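Presented below is the structure to which this report refers.
There are 2 protein chains.
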Amino acid sequence: MNNGRFAIALHILVLLTKNQGELLSSEYIAGSININAAMVRKALQGLKQKGFVQSKEGKHGGVSLAKNPQDIILSQIYSSIRETAILGSKQQPNPNCLVGKQINTHLDTLYRDAEKALVEALGKQTLLEFAQKFK
Amino acid sequence: MNNGRFAIALHILVLLTKNQGELLSSEYIAGSININAAMVRKALQGLKQKGFVQSKEGKHGGVSLAKNPQDIILSQIYSSIRETAILGSKQQPNPNCLVGKQINTHLDTLYRDAEKALVEALGKQTLLEFAQKFK
DNA sequence: TTGAACTGTAATATTTTTTGATACAGAATG
DNA sequence: CATTCTGTATCAAAAAATATTACAGTTCAA
């Protein structure tokens with residue numbers, strides 16, 4: 001997770017929450033985050049797939065929220081961008097060693113439990129609550 | 001955290017726990033993890049600094065635990081390798097935008113809380129308990 | 001007292017991941 | 001039918017992670 005995708009996704013969703021009813025262009029969003037518009041559109045792909053946002057093509061098109069922000073919890077946003085284990089990559093250890101042979105199994109359960117705790121913490125806040133901090 | 005440092009550190013410490021009293025060489029450890037010995041020695045630097053391991057130079061030298069494995073909790077190991085926010089990097093957003101101006105502050109507190117939950121989960125297990133799973 | 005087996009550390013190369021940039025087809029609008 | 005968008009692909013650049021090599025210094029033991 002050494003990438004900014006969670007921050008970007010959340011930034012986008014906060015902008016949309018703060019501008020409900022309007023269509024925001026990827027160019028505008030990119031200007032707020034200070035990244036490239038193509039990156040924004042890429043991030044939007046995922047958010048769209050997960051049903052958080054909807055978009056309209058063509059002139060005067062743009063993006064808007066597809067759900068009420070009180071029905072989106074931050075852990076869902078995290079899950080939508082999650083790709084790899086949060087505690088990092090594992091190795092391909094020596095199968096002829098007692099520890100090497102088993103470590104990845106034990107790391108898996110450890111990582112699962114730890115990440116579950118993180119997700120639960122994120123689950124305590126809705127997008128609306130998070131967005132309301134901005135004033 | 002898209003790196004394998006936590007897995008490597010834990011692997012090393014489990015090996016040392018399973019071989020208390022002995023001195024393990026970085027070459028031997030590297031063979032179990034299946035990485036380069038210089039990488040192991042680099043990982044050991046940190047573990048040594050944090051007081052988890054001690055080493056002996058020269059012929060017949062090697063590394064051993066510096067504490068009882070029941071006195072090391074997994075969250076301490078995590079903290080010792082931790083460098084960046086676990087939920088990923090942030091952006092440098094537009095300060096002229098209401099959301100852009102404040103997002104990093106709010107992300108900071110969110111990240112802190114989420115990571116705290118993860119650390120607490122890791123804190124529930126000692127190195128000894130983890131190592132005892134290997135048999 | 002010398003060679004072998006280690007650690008400690010630095011320097012450098014390679015690979016992988018992340019980010020950025022550009023381009024363009026296709027949709028909607030007026 | 002020109003304009004302004006999204007959607008998507010491709011390529012370039014930068015940054016991060018990992019691997020490799022080298023060697024000085026320490027310790028041991030013959």
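So the sequence lines, in the order shown, correspond to chains F and D.
Note that full-length UniProt numbering has the first sequence beginning at 1, numbered continuously upward.
Note that full-length UniProt numbering has the second sequence beginning at 1, numbered continuously upward.
Glycine included, C-beta positions come from ideal geometry on N, C-alpha and C.
Note that the structure is a prediction, hence the values are computed from the model and not measured.
The DSSP-derived three-state label of I103 of chain D is helix. L110 of chain F and E129 of chain D have their alpha carbons spaced roughly 12 Å apart.
Between the beta-carbon of L65 of chain F and that of S55 of chain F there is about 11 Å, and that puts the pair past the 8 Å contact cut. Close partners of A121 of chain D in chain F (Cβ separation under 7 Å): D113, A114 and A117. G61 of chain F has its alpha-carbon roughly 7 Å from the corresponding atom of L23 of chain F. Sequence-distant partners of L16 of chain D (beyond 5 residues in either direction) whose C-beta falls short of 7 Å from its own C-beta, in its chain, are L24, V53, V63, S64 and L65. The bridge partners DSSP lists for K56 of chain F are F:G62. A Cβ of chain F is located within less than 8 Å of the beta carbon of I35 of chain D. With 16 or more neighbouring CB atoms inside 10 Å of its own CB, P93 of chain F falls in the buried class. Here K90 of chain F has N104 and L107 as same chain residues with Cβ atoms under 6 Å from its own Cβ, once five neighbours each way along the sequence are excluded. Boundaries of the alpha helix (DSSP H) harbouring G31 of chain F: S26 to I33, taken from the DSSP string.
Shown here for A114 of chain F: same chain residues with a beta carbon closer than 8 Å to its own, the five before and five after excluded, namely I86 and L87 in chain order. Around F134 of chain D, the beta-carbon contacts reaching into chain F at under 9 Å are L98, V99, K101, Q102, I103 and H106. In the DSSP annotation of this structure, the continuous segment of the alpha helix (DSSP H) that includes F6 of chain F starts and ends at R5 to K18.
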